[in-house]
Amino acid sequence: MVYIYELSKENLKLAKTEVLTLTKARNSKLKKNLLFTSAYKYPERLAYTKAVYKFLGTNINKIKWQKYYKDSFCVRVQGANERELAEKIWNKLKNPIVNLKNPKTQFNLLSKKYFGLLIYKNQDDYEKRKTKNRPESHPSSLHPKLAKAMINLTGAIKSSIILDPFCGSGGLLIEAGLMGMKIEGSDLDRNMVNRAKINLKHYKIKAKVEQKDALTITRKYKYVVTDLPYGKSTKVTNIKSLVKEFLDNIKANVIVLGLPDFIKLPKNKYKVESYFKHYLHKSLSKKIYLLKWNTSPKSNLTK
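Counting from 18, one number per residue, gives the positions in the sequence shown under the working numbering.
Take a look at the structure:
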C-alpha cells in the first residue's frame, strides 16, 4: 500500500523530514507538497502534515471504488469540477449515499491527478496552546506547531525521555508531554522555571523541572530538544559563546537545536543530519538543526 501525505507548504523540507523520521520510511517521492511512501505511523503526531490518504490510483475507471466505500461518501477535489467527478464515482457504487457534512468515506483528487482515500485529517488546534493562552505567557516561547515538529525530528517514541536544558516557560516540554513522553527541563532563570511548572500543571503534565545551568549537565541523554534564548526578552548577552560552550559540553545521541538565523553553528562534535530555515516574521527567521552524535574523528562542517 502506498500512502500520500499532504504536507503544509509553510516549510516543505521540515514537513517531509518530520514524516520520514517518524515513519522511518526507506523510500519516498515528493511531488509538489504530496509525499508518497509505503510507511504509515503516528499520523496524529505530525505537525506539518495536513492529511494522509491511501493512494488509489490515477485512472478513475481502474479503481475498485466499492472496495473502499463504507456507508456514505463525499468527494473533495483540488482544481477540478467536484460535482462532475462525484457523479462518476457515484455511478460506480452500489446504492451509494452522499453525505457532505459527515461522510464515512471521503475520496480526494489531489493535484488534479492522484485519487486518495482520506484516512487521517490533522485537526490539532495549536491556537489554544499558544503562549498567550497559557497561565504564564512569555514572548520567547515557540509556536506550538513548530515546537511539536522539533520534538518529532528526534524520532523519539512515547515514554522516551526528552530534555530541554533551556526550557523557558515550557513550550517544548508541553508538546513533548502531550505526546506521552517523559520530560525533563531546566533553566538558569528561576522565574522561568516557575513559569514552566505552572504551565505544565495547567496541561496536567508531569515533569521534572529545575533551576540549573545547561553548561553543567553531565548526564548523557538520548534526546535533547531546545531553542536557545536570545533577544530582548532574555538575559543572554553572548549567544555565540553560549552555543559553542553548550555543544562542547552536552552529551546526547540526538539534538534538535533552534537558533536565530544570524547565528552560525560553530564546529562541534555532532554531525548535521538535517538543517532547516524557518520563517517567523519579517525581521526574524529561525535555523533548526538536527544533530547526531558524530562517531567519525572529524568534526562536522558548519552551516
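Using N, Cα and C, we set each Cβ at its ideal position, and we do this for glycine too.
In this text, all values refer to a predicted model and were calculated from it rather than measured experimentally.
Quiz item: If we ignore side chains and look at the alpha-carbon of each, how far apart do A42 and L276 end up?
Solution: 28 Å
Quiz item: Which first and last residues belong to the beta strand (DSSP E) in which V289 is found?
Solution: Y287 to H298
Quiz item: Buried or exposed: where does I305 fall if 16 or more other Cβ atoms within 10 Å of its Cβ makes it buried?
Solution: buried
Self-check item: Buried versus exposed call for K33 [16 or more other C-beta atoms within 10 Å across all chains shown]
Solution: buried
Quiz item: Ordered along the chain, which non-local residues of its own chain (more than five positions away) have a Cβ less than 6 Å from that of K172?
Solution: Checking the sequence, you will find Gly at residue 172 rather than Lys. T38.
Self-check item: C-alpha distance - G74 paired with I21, whole-angstrom precision
Solution: 11 Å
Exercise. Check each candidate in K286, K84 and K79 and name the one with the smallest Cα separation from K111.
Key: K84
Quiz item: Are the beta-carbon atoms belonging to V197 and C184 less than 9 Å from one another?
Solution: Before going further, note that residue 197 is Gly rather than Val in the sequence given. For G197 and C184, no; Cβs fall outside 9 Å.
Quiz item: How is Y85 classed by DSSP in three states: helix, strand or coil?
Solution: helix
Quiz item: Where does F183 sit, in a helix, a strand or coil, going by DSSP?
Solution: coil
Practice problem: Work out the CA separation of L47 and S89 for me, nearest whole Å. | Solution: 31 Å
Quiz item: With a CB to CB cut of under 8 Å and the five nearest residues on each side skipped, what residues in its chain are close to I178?
Solution: M198, K199, I200, E201, Y238, K239 and Y240
Quiz item: Is D65 near N28, with beta carbons less than 9 Å apart?
Solution: Reading off the sequence shown, one finds Tyr at residue 65, where the question assumed Asp. The answer is yes: Cβ separation under 9 Å.
Quiz item: Alpha carbon to alpha carbon, how far is L190 from A164?
Solution: 9 Å
Practice problem: May I ask you to list the residues that DSSP assigns as paired with Y306? | Solution: L274 and Y292
Self-check item: Reference A224; option with closest CA among Y292, Q95 and G188
Solution: G188
Quiz item: Can you tell me the Cα-Cα spacing of A166 and R62, whole angstroms?
Solution: 8 Å
Quiz item: By a C-beta neighbour count over all protein chains shown, 10 Å radius and 16 as the cutoff for buried, is N76 buried or exposed?
Solution: exposed
Quiz item: Among the residues of its own chain, which have a CB less than 7 Å from the CB of V210, if the five just before and after it don't count?
Solution: D204, V226, E227 and Q228
Quiz prompt | Nearest to K81 (by Cα), restricted to the options A68, Q95, N98 and K109 | solution = K109
Exercise. Ignore the nearest five residues each way along the sequence and tell me which others in N266's own chain have a CB closer than 6 Å to its CB.
Key: L232
Quiz prompt | Completely contained alpha helix (DSSP H) runs for the region 197 to 276, where each covers 4 or more residues | solution = 207 to 219 and 256 to 266
Quiz item: Are P60 and N139 touching if we call contact CB-CB under 9 Å?
Solution: yes
Quiz prompt | Nearest candidate by alpha-carbon position, reference M18, set N50, F72, A68 and S45 | solution = F72
Quiz item: Which residue from K257, H155, L308 and L102 puts its Cα closest to that of I215?
Solution: H155
Quiz item: Three-state secondary structure (DSSP) at Y22?
Solution: strand
Quiz item: Which whole runs of the beta strand (DSSP E) in the region 58 to 134 are 3 residues long or more, in chain order?
Solution: 66 to 74, 90 to 94 and 122 to 127
Self-check item: Where T171 sits in the DSSP three-state scheme
Solution: coil
Practice problem: To the nearest angstrom, report how far apart L31 and L102 are at their CA atoms. | Solution: 33 Å
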